[in-house]
Amino acid sequence: MSHNRYNQNFYNRKRRHTEESGHDEENKRFRSDGGHVSLEEELETYLYRVGELNDKNRIGGYSVESNIEATANFVLDQISQKQKEIIDILLECARLPEKLTIYSTLLGLLNSKNPDFVEEAMDSLATSLRNYLNQAQFSAVHILIRFISDLINVKVLSPKSVLNIYEKMVDLTHEQSSPQVRTDFYVYCILSSIPWNGRILYEQHGPELDEILDNIKSYIENRTKDHLPLLKVWSIDDPHPQEDYLDCLWIQIKKLEENDWKESQIIRPYVSFEASFKNSTLHDFPLIIPPEYNPQTLYPLPRVVFRMFDYTDVPEEFILPGCHSIERFLVEEQLHSVVNTYYLDRKQCANRLIQLPLTNRIPLNYMIVEVIFAQLFSLPRPAHLEIFYGSLLLELCKLQPNYMPIVLAQATELLFERIENMKTVCVERFSNWFSYHLSNFQFKWSWDDWKDCANESLEAPKNKFLRETLIRCMRLSYHQRIVDFIPESINSLVPENPKPAYKYVSDEAADLEGTPVANRLLELFKERAIPEDVFSALRDIPDSDAGGGEVEINPLKIEVFTATLLFFGSKSFSHAFAALAKYHMIFKMIVDSEKSQLIVLQSLHDVWKNHRQMIVVLVDKMLKTQIVECSTIAKWVFSEQMRNDFTFFYVWEIMHSSINRMNKQVEKLRLEYQNLNEKYKKSDLASESVQDEITEEELEDKLTTLNTLKEQQKKLFFIIIENFFAVLSDYLIKVEIKIENVEQGETFKSPNWFKWVSDRFEDFLLTHNEEILPYLNEIKTQFFTSNTNKYFTNLFKMYSSFKE
Amino acid sequence: MAYFGQNAISISAYRDQKFKGTRSEQERLLSQSNTLYVGNLSFYTTEEQIHELFSRAGDVKRIIMGLDRNKKTPCGFCFVEYYTRADAENCMRYINGTRLDDRLIRTDWDAGFIEGRQYGRGKSGGQVRDEYRKEFDPGRQ
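Protein sequences, first through last, are from chains Y and W. Heads up, the first sequence is in the UniProt record's numbering, so the first residue is 1 and it goes up one at a time. Heads up, the second sequence is in the UniProt record's numbering, so the first residue is 1 and it goes up one at a time.
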């Protein structure tokens, strides 16, 4: 395998073309109008593709440098007629992080011939940077700051003008009222740009650079990092310390400084053109001042650096840069950028990742895998859909069938070995990914290697991971398939056959009070009876008098109806949905309270206890069709019936999806209200547009609905928090007074059980932080007393500092 | 960035020949649709499996299994409708061309399900492509 991307591309040019269908389509588009290509299209293609030697349409010779030069000359010829268009394309290109130095080289060449054009371009760049800042588009800001940082190297910008911007950013660290997430972002912008221009700043502006670094040093030393444990994938720092991202980058920058600002990772095509830049005009980049603090702005959340490999994990011929070397940062940073730029096209993304330009003998595949898992496990949520990462890994395996599967298998083993210390939600993501991945490889895996965990307790991490993974595998295939591929040694972990359990046809049916009605209902359902007939058959189960003329619906009625209907619709999701829809009105008539909603959920669980996916899907359906409410689902999750299932992953799938539904509804209403309010304000101003005039009443109604829903949302959060406090306190008290597993059957209250449950609590708080944090003080008043266990006070201390 | 990521979700060359309406109407529906046609499924793949895979891209509204017109058994295709266009696009991006039941499945935009389209259009009742298929395919027998 060659380690110089440019050579590799050169030799593999032909082969890549047939593989990169994405590129070919783009090329086709380029010539799609019957051979006629407009100048704009031509400019766009040349500019986007500059420096990519596998591009058929490229101009210039067989080196990146000659391609850049040819492109610069082509652009120079068009400036007189297409100046605006060229600047617009360049502004987009400036946001392609992995080609940053290529574009700075290009701008350097343009500047040496046409400084007036570059002056214009810099003004536009400044405008666009200010816009991104005001719109809080922080990743764009970050990339553009780095771009202008590199423009010092090509004699486009004066170092002083870039230092001025850094200084303005550093100044924020002295502001008392600024939250840490805000200052963190600007400090990160500077630190992650300095590897590009540190050397030239050090040579020409040493004292100014030192001052900025001194300021950053004292900032770094004084930051609060209470939140850090919440963001760690693993609970221990062995073998890899999980550092705060700024702390880690700071150490890397210090090491770079010790090395006189020389790094060996960035490929700098401009070095060959130094002579051309000799007489270039230096521009002063307009001063950029960070916008005032605005509490509405969502700044990037703090992160922890995820590492899973060190040099002992990779083959000898490669050298994995140490965790504190700047090269490790630079490669990781570029890989992250490629993923975040090309995530909409998994094929292109995979291609760009394996073609990352390298100067050192770096184990690229290992680093790619590490970066993808870093994103997948990122807390509270991954930046992109989990299935994106899964499909990206599949593409990578396709592109490098001899390397990537081996690295992935090694990664899987490492993750499995360390699973005891892995955060629950990451174990869940790992399991979801692994089952999906295996379903694309015929479930081939050395299962027998994991046989030891078959004898562990049900709550033991490895045992649980494996059982949950097999459940997921079954959801993607079928029960017999699992039975077929699982070796005998771990047979005990195979999930139950997901058949319905309907007690009214079982051996015990004869002794059950509900059996006659259940049998009658089943007949009626088969005859496609109308809801009214079913309802009258249900009358055979008498309701009781609740006093005061009120009737209390007999729980047995709800139970028999729900169980029988679900059994009738047990053939598939569609059958179940159709049955629920047809007899929806009966639910509406007999399910009138939280208590009766709980009976519906319990009956559902009784019938489908062996088919967890069915429970997930049906609970969701019942929520959507308003048979049950979010708050009831939450109570049911913590109820007696669910005690044995409590740490199963599907339960939390249900919990999170219910909360998400609630949050989505609130968000939808909030937007509706906002729009209505804007219209109202407008119609106030222009009274002639009577047609869509909004009355004050309408507006108030909307606000009332919104507030009612927000109350419900708050109620839901408080129910969940209250229940978590109860179950976790219960365990903690028992530990304190050293009653361990005294009661029979209480085996689930083990340290492992505590880990699964407390992790779920933390994940709940973290995932829904945007919605929950506003209630923080209220939560503290309601749930904290002088006796509150240290676990909770610590947790909430970490939680409060999360967005400080 | 507008320039990237459009290939995976662009409309393919296939057009439903039995579409009732003008070509431009069809194009418009395709470009706004939340519904996908899913092809090359095994006859044995169930709705549950499809739901498991496809809900990883977003919130699935409904799945309509393609059936053999005569036997009323699955015949290797289905329609998946999402609540939002964005979720359907993610499905095109990340599920199209990956495997389910060991088969590479294909997803394509559909103008929206109409009653009757769940049935195979081949003479035998199944899909036309199975009537032209020469090699043995154990997943589609």
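Even for Gly, the Cβ is constructed at its ideal location relative to N, Cα and C.
Taking a Cβ-Cβ cut-off of 7 Å, ASN34/W has no neighbours in chain Y, whose nearest Cβ is about 16 Å from it. Within the segment 343-360 of chain Y, the residues whose Cβ lies closer than 8 Å to some Cβ of chain W are TYR343, LEU344, ASP345, ARG346, LYS347, GLN348, listed in chain order. The beta carbon of THR98/W sits closer than 8 Å to some beta carbon of chain Y. Looking at the backbone, the Cα of THR695/Y and that of LYS679/Y are separated by about 10 Å. Taken in chain order, the complete alpha helix (DSSP H) segments of 4 or more residues contained in the segment 357-423 of chain Y are 364-376, 386-399, 404-417.
Where THR45/W is concerned, there is no enclosing beta strand (DSSP E), because DSSP gives it neither an H nor an E. By the criterion of a C-beta distance shorter than 6 Å, TYR83/W is surrounded in its chain by ASP59, LYS61, once the five residues flanking it on both sides are discounted.
Nearest to SER536/Y by C-alpha distance, out of ILE721/Y, ALA518/Y, ASN787/Y, is ALA518/Y.
About 20 Å separates the Cβ atoms of ALA111/W and LEU41/W, ruling out a contact at the 8 Å cut-off. Under the Cβ criterion of 8 Å, SER391/Y is counted among the residues facing chain W. Nearest to GLU243/Y by C-alpha distance, out of PRO295/Y, ASP284/Y, PHE329/Y, is PHE329/Y. Secondary structure in the segment 524-581 of chain Y: the alpha helix (DSSP H) runs of 4 residues or longer, each lying completely within the stretch, are 531-538, 555-568 in chain order. In the three-state DSSP reduction, MET308/Y falls in the coil class, being neither helix nor strand. Residue pairing for GLU722/Y: DSSP places it in no beta bridge. One Cα belongs to PHE784/Y, the other to PRO500/Y, and the distance between them is close to 43 Å. Assignment of beta-bridge partners to ILE63/W by DSSP yields VAL80/W. For ARG103/W, the pairing in a beta bridge is given by DSSP as LEU100/W. Chain W places a beta carbon closer than 8 Å to that of SER439/Y, counting this residue as a contact. At least 8 Å separates the CB of PHE648/Y from every CB of chain W.
The bridge partners DSSP lists for TRP196/Y come to none. Straight-line spacing of the CA atoms in PRO239/Y and GLN410/Y works out to 16 Å. The DSSP-derived three-state label of TRP636/Y is helix. In this structure, the straight-line span from the alpha carbon of ALA374/Y to that of CYS323/Y is close to 14 Å. For the 8 Å CB-CB criterion, PHE79/W and PHE113/W form a contact. In the same chain as TYR650/Y, and ignoring 5 residues on each side of it, the C-beta atoms closer than 6 Å to its own belong to ARG612, VAL616, in chain order. The beta carbon of SER683/Y is closer than 6 Å to those of GLU693, ILE694 in its chain, skipping five residues each way along the sequence.
Relative to the Cα of ASN222/Y, the nearest Cα in the group ASP247/Y, ASP533/Y, ARG307/Y belongs to ASP247/Y. At a beta-carbon threshold of 8 Å, the residues of chain W lying near VAL617/Y are HIS51, ordered along the chain.
Beta-carbon to beta-carbon, PHE273/Y and THR105/Y are separated by about 7 Å, close enough to satisfy the 8 Å threshold. Proximity to TYR188/Y across VAL407/Y, GLU203/Y, ILE220/Y peaks at ILE220/Y, based on C-alpha coordinates.
Residue range 594-608 is occupied by the alpha helix (DSSP H) that includes TRP608/Y. Within 10 angstroms of the beta-carbon of VAL156/Y lie 16 or more other beta-carbons, which makes it buried.
Interface annotation, ASN40/W: not in contact with chain Y, CB-CB separation never under 8 Å. DSSP places ASN54/Y in no alpha helix (DSSP H); its state is neither H nor E. Among the residues of the segment 38-65 of chain Y, those with a Cβ less than 9 Å away from any Cβ of chain W are GLU44, TYR48, in the order of the chain.
Between the segment 6-18 of chain W and the segment 775-784 of chain Y there are fewer than three C-beta pairs closer than 8 Å, too few to call the two in contact.
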